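Trainee: Number 93 in our numbering belongs to position 85 of the sequence shown; there are no gaps in the numbering.
For every residue, glycine included, the Cβ atom is placed at its ideal position computed from N, Cα and C.
None of these values were measured; they are calculated from a predicted model.
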Amino acid sequence: MTKAKNSGENFNPMTITLPSGLTVTLKPMTGKAERVLEDKRLYKSGALVDRYMMECIETIGDKETMTPQEKEKALLEMLSGDRNYLLMAIRIEGFGPDMIFTSTCPKCGKDSGYQINLQDKLDDGTFPVIPYQDAPQRIELPVSGGYAEIGYMTGQRERQMAQLPDNAIHQGMLLRIESLNGERPTLKDLENMHGRDLLALRAAMGNMRGGLDSTIELDCGECGASYKISIASVPDFFVPSMTSLESAGI
Numbered sequence: 009m010t011k012a013k014n015s016g017e018n019f020n021p022m023t024i025t026l027p028s029g030l031t032v033t034l035k036p037m038t039g040k041a042e043r044v045l046e047d048k049r050l051y052k053s054g055a056l057v058d059r060y061m062m063e064c065i066e067t068i069g070d071k072e073t074m075t076p077q078e079k080e081k082a083l084l085e086m087l088s089g090d091r092n093y094l095l096m097a098i099r100i101e102g103f104g105p106d107m108i109f110t111s112t113c114p115k116c117g118k119d120s121g122y123q124i125n126l127q128d129k130l131d132d133g134t135f136p137v138i139p140y141q142d143a144p145q146r147i148e149l150p151v152s153g154g155y156a157e158i159g160y161m162t163g164q165r166e167r168q169m170a171q172l173p174d175n176a177i178h179q180g181m182l183l184r185i186e187s188l189n190g191e192r193p194t195l196k197d198l199e200n201m202h203g204r205d206l207l208a209l210r211a212a213m214g215n216m217r218g219g220l221d222s223t224i225e226l227d228c229g230e231c232g233a234s235y236k237i238s239i240a241s242v243p244d245f246f247v248p249s250m251t252s253l254e255s256a257g258i
């Protein structure tokens with residue numbers, strides 16, 4: 009990811025190429041982006057991340073200028089792996105690559121402090137860029153003998169997912185199933201599906217990844233257990249300096 013200056017009038021607009029090949033030109037990050045993160049209405053609607061990115065983007069693709077509506081449409085159509093890469097670029101260019109944060113161990117429940125350099129994690133492959141596969145991908149169902157076609161998550165599907173209740177596992181799967189035996193699937197189709205067919209579908213969805221994977225493995229400072237988190241899920245990713253070195257125990 010190419011580095012660029014970000015200091016008000018001296019900001020050098022930077023065009024980055026996403027894993028899919030789509031280009032995005034960034035603009036200076038300002039306090040407006042941080043204010044977006046405080047909007048509870050955007051959080052409930054699932055539009056929070058889109059509006060945050062819109063504040064930091066000049067153009068997407070080959071357009072010279074874009075209206076807010078055009079930006080939002082392009083972000084909703086964007087593959088989730090590209091969106092992860094874009095968020096990383098925005099964070100590094102807006103606040104720099106250094107990140108201090110705390111994380112709660114799922115085993116012992118204790119908080120530990122961590123300090124990482126996001127740019128280094130990109131450069132050394134800790135955050136890998138995974139090539140996209142052809143989509144939709146056909147999956148053979150072992151029990152029914154039928155097939156399903158699955159696609160990637162997109163911004164639109166992320167927004168729909170954010171509005172689902174926590175226990176809506178089948179509704180979440182429907183967002184990625186583009187066809188079932190050549191037909192558009194329904195919730196009833198999944199509720200009547202054999203468990204091994206459901207398992208095959210979920211495994212295929214988990215294996216069908218592309219774009220930036222921002223998962224990182226952490227070692228708990230208290231019990232030593234290792235666990236994985238998505239770095240973009242940490243509050244300090246979006247609003248740095250919420251956690252200081254002292255409060256993180258570093």
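Based on the DSSP secondary-structure assignment, which residues constitute the bridge partners of Val242?
Mentor: Locating residue 242 in the sequence shown gives position 234, where the first residue counts as 1. The partner list for Val242 (beta bridge, DSSP) is empty, contrary to what the question assumes.
Trainee: Check each candidate in Leu50, Ser28, Thr31 and name the one with the smallest Cα separation from Gln171.
Mentor: Reading the sequence shown from its first residue, position 163 is the one you call residue 171. It is Leu50.
Trainee: Whole angstroms are fine: how far does the CA of Leu209 sit from the CA of Pro193?
Mentor: Within the sequence shown, residue 193 is the residue found at index 185, counting from 1. Within the sequence shown, residue 209 is the residue found at index 201, counting from 1. Going by the C-alpha atoms only, they are around 13 Å apart.
Trainee: Taking Ile224 as the reference, give the member of Tyr122, Lys35, Thr67 with the closest Cα.
Mentor: Taking the first residue of the sequence shown as 1, we reach residue 224 at position 216. That would be Tyr122, whose Cα lies nearest to the Cα of Ile224.
Trainee: Short check: CB of Leu84 to CB of Asp58, under 8 Å?
Mentor: As a first step, residue 84 must be located in the sequence shown, where it is residue number 76. As a first step, residue 58 must be located in the sequence shown, where it is residue number 50. Yes, these two residues count as a Cβ contact at 8 Å.
Trainee: Spell out a yes or no on whether the stretch 173 to 190 and the stretch 236 to 251 are touching, meaning 3 or more CB-CB pairs, one atom from each, closer than 8 Å.
Mentor: In short, these stretches do not touch, since the Cβ pair count stays below three.
Trainee: My output table needs one value for Met291: the three-state DSSP class, helix, strand or coil.
Mentor: Shown here, the chain extends from 9 to 258; a query on residue 291 therefore has no answer.
Trainee: Between the beta-carbon of Ser120 and the beta-carbon of Gly257, is there less than 8 Å?
Mentor: Here residue 120 corresponds to residue number 112 of the sequence shown, with the count starting at 1. Here residue 257 corresponds to residue number 249 of the sequence shown, with the count starting at 1. Yes.
Trainee: Taking the straight line between their C-alpha atoms, what separation do you get for Met181 and Lys118?
Mentor: For the purposes of this step, residue 181 is identified with residue 173 of the sequence shown, where counting begins at 1. For the purposes of this step, residue 118 is identified with residue 110 of the sequence shown, where counting begins at 1. Looking at the two C-alpha atoms, the distance is approximately 33 Å.
Trainee: Flag Glu42 as yes when its Cβ comes closer than 7 Å to any non-hydrogen atom of the ligand MN, and as no otherwise.
Mentor: You won't find the ligand MN in this model; it holds no ligand whatsoever.
Trainee: Do Tyr160 and Met216 have their CB atoms nearer than 8 Å?
Mentor: Position 152 of the sequence shown, counted from the start, is the residue given in the question as residue 160. Position 208 of the sequence shown, counted from the start, is the residue given in the question as residue 216. Their beta carbons are under 8 Å apart, which means Tyr160 touches Met216 by this criterion.
Trainee: Cα-Cα, which of Ala41, Lys79, Phe109 is closest to Thr251?
Mentor: Here residue 251 refers to the residue found at position 243 when the sequence shown is read from its first residue. Closest by alpha carbon: Phe109.
Trainee: At a cut of 8 Å, does the stretch 163 to 177 reach the stretch 84 to 93 through at least three beta carbon pairs?
Mentor: Flag = yes, the stretch 163 to 177 and the stretch 84 to 93 touch.
Trainee: Is there contact here, the stretch 121 to 138 with the stretch 197 to 214, by at least three beta-carbon pairs under 8 Å?
Mentor: They do not touch, by the three-pair rule.
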